[in-house]
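Structure first, then comments.
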Amino acid sequence: MNSRTEIRNYRVELAGFRQRVVVAVGFVLVMFLLLLSRFFYVQVLQYQHYHTLAENNRISLVPSPPNRGLILDRNGVVMAHNYSAYTLEITPSKTGKLDATLDALAKIVEVTPGQRKRFAKLMAESRNFETLPLRAHLSDEEVARLAANRYRLPGVEVRARLFRQYPLQTSASHLLGYIGRINDKDVERLQAAGVYDNYRGSDHIGKVGIEQSYERELHGVTGTEQVETDANGHAGRVLARTPPISGNSLVLYLDSKLQAIAEQAFGNYRGALVAIDPRNGGVLAFVSQPGYDPNLFVDGIDTTSWNELNNSPDRPLLNRALRGAYPEGSTLKPFMALAGLSDGVRKPSDSIADPGYFMLPNSSHRYRDWKAGGHGTVDMHKAIVVSCDTYFYRLANDLGIDRMHAYLGQFGFGQKSGIDMEGELAGVLPSREWKAKRSKMPWFPGETVIAGIGQGYNLATPLQLAVATAALANGGTVYKPQLVQAIIDSRTGKRTPVAPQIVRKIAISAADLDVVRAAMEDVTRPGGTASVANAGVSYRVAAKTGTAQVVGIKQGAKYDAKRLLAIHRDHAVYIAYAPAEAPTIAVAVLVENGSHGGTTAAPIARAVMDYYLLGKLPKAVVAPATPAPGDAHAD
Amino acid sequence: MRIKRWGLRVLAHIDLPLLLLLLLLMGMSLFVQYSASGQSDARVISHGVNMLVALTIMVVVANIPPQYLLSLAVPLYAVGVVLLLGVATAGEVVNGSRRWLNLGVTRIQPSEIMKIAMPLMLAWYFHRHEAMLRLRDYGVAALLLIVPVALVAKQPDLGTALLISASGFYVLFFAGLPWRIMLGMAVVGGASLPVAWHFMHDYQQKRVLTLIDPTQDPLGAGYHIIQSTIAMGSGGSFGKGWLHGTQTHLDFLPERTTDFVFAVFGEEFGLLGNVLLLSLFLAIIVRGMMIAVSAPTLFARLMAGSLTLAFFTYAFVNMGMVSGILPVVGVPLPLVSYGGTAMVTVMLGFGILMSVKTHRKLLKS
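First to last, the protein sequences are chains Z and Y.
Note that the working numbering has the first sequence beginning at 129, numbered continuously upward.
Note that the working numbering has the second sequence beginning at 37, numbered continuously upward.
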């Protein structure tokens, strides 16, 4: 290899290398331009898009749920309110192994098996990624212990929360209802109503009672906070906020003291009572016995309590005042009497000779009076005072089912009253059409006869009976029964009354009314069926007793309360209003298996009226503690 | 006096323009690290210590004449291959791949050694056969290239394997690998892509798919790329300002001090910052190429050229990955990402460049 070739080779080689370097630098430039165009695309052309994404990353809208409105009785007694307490909450999606977390928690604070079960139930019902309460009402010490251990328990949080509480506990439970955790069905309903957005951040919703029917007023408006949040969900600065608006408070017509007295008056009996102010339809007392403690439901009821309530033969969860349908029995008679007078079928002085039974022409079937042998000569006044069945069998037969249906319907029988609570039953006011629809059978004359004393197909809720009684008391104005009398705006504190609503005015002549009213007053006086319970009363009471048959009695057999099982005994029914000259309260009472209205139902109404009109507190338990099957059948 | 003279002699082997560019990049990196780490002084100090160590190593290497480096090529390569074999048989598994070798005293990642040993070895080989380069030599070189790359790819560490093969390929490229062969390789490579796809691990396939559509798996494989693109894009033209990147400071950006540090930079300094950073990288690359062109021997040229292009490759792959045009492979941004090993490797390369630059007179004579 000589030096020339070496040099030439070297030069050629160097030239080749330089060429490659130029290519390499060109390649680098092209690649950097590629990067540059990408940067330009992302940072300039797509800037808005990525800016928005970054802001969405950074800012989370945290809903701040509003405080729920209060429920107050007519005197301002708090019936539902909120209080703040610490809860132990778990977000199952963040805990990793949930069971391990629960076990670890159980070592730090007390967690009962019941609470764990309830948590499992909540989890099964919950929406995804939801935070669920394990335990409420932590003590300060427990909060401190949890705070110290928080670092090793991901997904576990201690939060201060507002709790709904019903301080009167079981009292007025059926009226108040309760709130419970929002479930899938609630979500669907809220979405359908287009208000689901307002429930971001809310865990609870009214489930039954006033809590349900006034949900819109009570819930309030959810606020939002724009919170800067990091990737792990830890909230930082609050950037902006719209405060929530608390729910409005409700003022009821109800007198909680009156309610409590009425409930106590039931003693161990099951039953219902509705007291209405006949001047406006306001509901003064609304009893369904037995009640339950609505506080149990607020954060999900535990299985044991639920089974206890749900399986109890007393059916404490049944709202008897609203959804219990019972035959009116003889309490229908005053309305029947008005129907007879109004249609001109009877004059007050028309009288019958009562042999103790009624027979349809061409039939040997005897429709028996409650009193064997009958009441002798009976006119309308006496028929009501002694509750003569024969008189009303005959009247019903003379009126016919069509006229009965038309007239009694005006008092609200067989229709929903329209009370501001959901789930009301309409009851049954039978008619030919009703029966045709139900059984495709023609109407039989015998069915008219027993309908005349509130038996047969007739069914009414205690609420309907109270509404009809109030209409009788005020001279024929049927009001929509109303629980809430005013709404207090949470922001202004302004109290807006809820106007009473008249459903219809029944044209009743004063003379007709006087006949029936006078007879009803005499029901409470010596010789009347409710005289014992109203002995010594210092105001004028008009009333009517009734008995609702639970089991039919065979032809020729005799009703013997002693030989019947307690649950087969007749229901006692009673309607009353007072003061008779200017009524301010109308009451309907139903006592399940209470046998006779005069003995078990009337004393309850008496206790209610004594307190309402005189402020008199009952001495002890007014109602008989046990059924009195040996009493004379005075109905 | 003696110390001063000795110091001057040491500094005589430093290429001042290159050093200034590197210091500029490092200084900027300290600021980015301070922000990315959530204003952690400790992290910045540790990063600075890494830099000092790497700079020292660079100075030491710069003082080693290229002919000594030449003689180091074969042993270093051999040690590297042996260690890689060691990894394959007795390596520690971290995060599902076998990359580390525990030598008792310390844990090392032998693939890192290969980043330097590979171009060194190939440059040595071509230097030896300088006079009569034949096609067969390219074949042998290719073999020398493939064995360690295959070992690294098997770990699996596809990113590093690609980088090592790139640095080896650059040697072939600068040694004059004929264009037609490169074209042929490109065709064969393209044709074998489906085969390669078949041999890829699930997660590797996923990364490629994720690049095409990150929204397929926004909380899994796509998360990194989505968040880093958001960071970069939301930086806009001028950035959100130092310490004000929301993606960075609210934890949305993963790996923000290491592989994704460039997203922090892009978010806080915007397109303007990116252009400046690219210019800085370009300046370093151009300076490296200038050194390569003026290098006196084939070995020196090949070393300087391929190390410079390797540096470019690291930077390009990282920025491409962070801005969402390349799949996510674990490649740090040279001198900016946190991490001592990578920094030492890169600065060792620059030490060789400086050695090449400052020993040319000696070699030429």
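C-beta atoms are modelled at their ideal positions from N, C-alpha and C, and glycine is treated no differently.
Note that the structure is predicted; figures quoted are calculated from it, not measured.
Check whether the Cβ atoms of residue i and residue j lie closer than 8 angstroms to each other.
i: Z/A579; j: Z/A524; result: yes
i: Y/S359; j: Y/V297; result: no
i: Y/L54; j: Y/R323; result: yes
i: Z/A730; j: Z/Y705; result: no
i: Y/L58; j: Y/I320; result: yes
i: Z/V205; j: Z/S384; result: yes
i: Z/G337; j: Z/Q629; result: no
i: Y/M383; j: Y/I93; result: yes
i: Z/C516; j: Z/H533; result: no
i: Z/A671; j: Z/L593; result: no
i: Y/L105; j: Y/I388; result: yes
i: Y/N354; j: Y/L371; result: no
i: Z/A714; j: Z/A639; result: no
i: Z/D442; j: Z/R494; result: no
i: Z/L378; j: Z/L200; result: yes
i: Z/Q243; j: Z/N423; result: no
i: Z/V149; j: Y/M325; result: yes
i: Y/A346; j: Y/P155; result: yes
i: Y/L318; j: Z/F160; result: yes
Interface residues of chain Z around residue i at Cβ under 7 angstroms?
i: Y/A328; result: V149
i: Y/L345; result: A152
i: Y/M355; result: L163
i: Y/R337; result: F145
Taking residue i as the query, report the chain Y residues whose CB atoms sit under 8 angstroms from its CB, ordered along the chain.
i: Z/V172; result: G272, S273 and L307
i: Z/M159; result: F348 and F352
i: Z/L181; result: I266, G269 and S270
Along the chain, where does the alpha helix (DSSP H) that runs through residue i open and close?
i: Z/G574; result: P573 to A579
i: Y/P184; result: L171 to K190
i: Z/D325; result: Counting along the chain, Z/D325 falls outside any alpha helix (DSSP H), and DSSP gives it neither H nor E.
i: Y/G309; result: V297 to V329
i: Z/Q293; result: That residue, Z/Q293, is in no alpha helix (DSSP H); its beta strand (DSSP E) goes V284 to Q293.
i: Z/I338; result: G337 to S341
i: Z/D526; result: D517 to G537
i: Z/R443; result: No alpha helix (DSSP H) holds Z/R443; DSSP gives it neither H nor E.
Name the chain Z residues whose beta carbon is nearer than 9 angstroms to that of residue i?
i: Y/R164; result: Per Cβ cutoff of 9 angstroms: no residues; Y/R164 is ~15 angstroms from chain Z at best.
i: Y/I361; result: L162, L163 and R166
i: Y/V322; result: V153 and V156
May I ask which residues mark the beginning and end of the beta strand (DSSP E) holding residue i?
i: Z/Q417; result: V411 to Q417
i: Z/H699; result: H699 to A706
i: Y/A211; result: It is not in any beta strand (DSSP E) - Y/A211 carries neither H nor E in the DSSP assignment.
i: Z/G399; result: G399 to I404
i: Z/L306; result: A small fix is needed here, since residue 306 of chain Z is Tyr in this sequence, not Leu. Note, Z/Y306: beta strand (DSSP E), Y306 to R309.
Please report the Cβ distance between residue i and residue j, rounded to the nearest whole angstrom; I am assuming they are in contact, meaning their Cβ atoms lie under 8 angstroms.
i: Z/A599; j: Z/F541; result: Going by Cβ atoms, the distance from Z/A599 to Z/F541 rounds to 11 angstroms, so no, they are not a contact pair.
i: Z/R289; j: Z/T712; result: Going by Cβ atoms, the distance from Z/R289 to Z/T712 rounds to 43 angstroms, so no, they are not a contact pair.
i: Z/S618; j: Z/S374; result: 4 angstroms
i: Y/A197; j: Y/T349; result: Going by Cβ atoms, the distance from Y/A197 to Y/T349 rounds to 13 angstroms, so no, they are not a contact pair.
i: Z/S416; j: Z/R448; result: 4 angstroms
i: Z/T459; j: Z/G674; result: 4 angstroms
i: Z/H347; j: Z/R202; result: Not confirmed; about 23 angstroms, so no contact.
i: Z/P372; j: Z/V349; result: 6 angstroms
Going along chain Y in order, which residues have a C-beta closer than 7 angstroms to the C-beta of residue i?
i: Z/R146; result: V329
i: Z/A359; result: L286, D287 and F288
i: Z/R186; result: T282 and L286
Mind listing the chain B neighbours of residue i? Cutoff is C-beta to C-beta under 7 angstroms, in chain order.
i: Z/Y175; result: The structure shown has no chain B; the protein chains it does contain are Z and Y.
What does residue i touch in chain Z if you count any residue whose Cβ is under 8 angstroms from its own?
i: Y/V311; result: L164 and F167
i: Y/M325; result: V149, A152 and V153
For the ligand GTP, I want to know if residue i counts as a neighbour, meaning its beta carbon is within less than 7 angstroms of at least one of the ligand's heavy atoms.
i: Z/K510; result: The ligand content of the structure shown is nil, which means the ligand GTP is not present either.
Run down chain Y in chain order and give the residues with a C-beta less than 9 angstroms from the C-beta of residue i.
i: Z/Y178; result: T265, I266, A267, M268, G269, S270, G271 and G272
What ranges does the alpha helix (DSSP H) occupy inside the region 484 to 514 of chain Z, keeping only unbroken runs of at least 4 residues that lie completely in it?
The qualifying runs are 508 to 513.
Taking only runs of the beta strand (DSSP E) that begin and end inside the region 354 to 387 of chain Z, which ones reach a length of at least 3 residues, in chain order?
Taking only runs of at least 3 residues, the beta strand (DSSP E) segments lying wholly in the region 354 to 387 of chain Z are 363 to 370 and 377 to 380.
Please go through the region 183 to 253 of chain Z and give each complete alpha helix (DSSP H) segment of 4 or more residues, from N-terminal end onward.
Within the region 183 to 253 of chain Z, the complete alpha helix (DSSP H) segments at least 4 residues long are 220 to 223, 226 to 236 and 241 to 253, listed from N- to C-terminus.
Segments of 3+ residues assigned as beta strand (DSSP E) that fall wholly inside the region 220 to 289 of chain Y:
With a minimum length of 3 residues, no continuous beta strand (DSSP E) run stays inside the region 220 to 289 of chain Y.
Whole runs of the beta strand (DSSP E) within the region 541 to 615 of chain Z, excluding any shorter than 3 residues:
Fully enclosed beta strand (DSSP E) runs of 3 or longer: 605 to 607.
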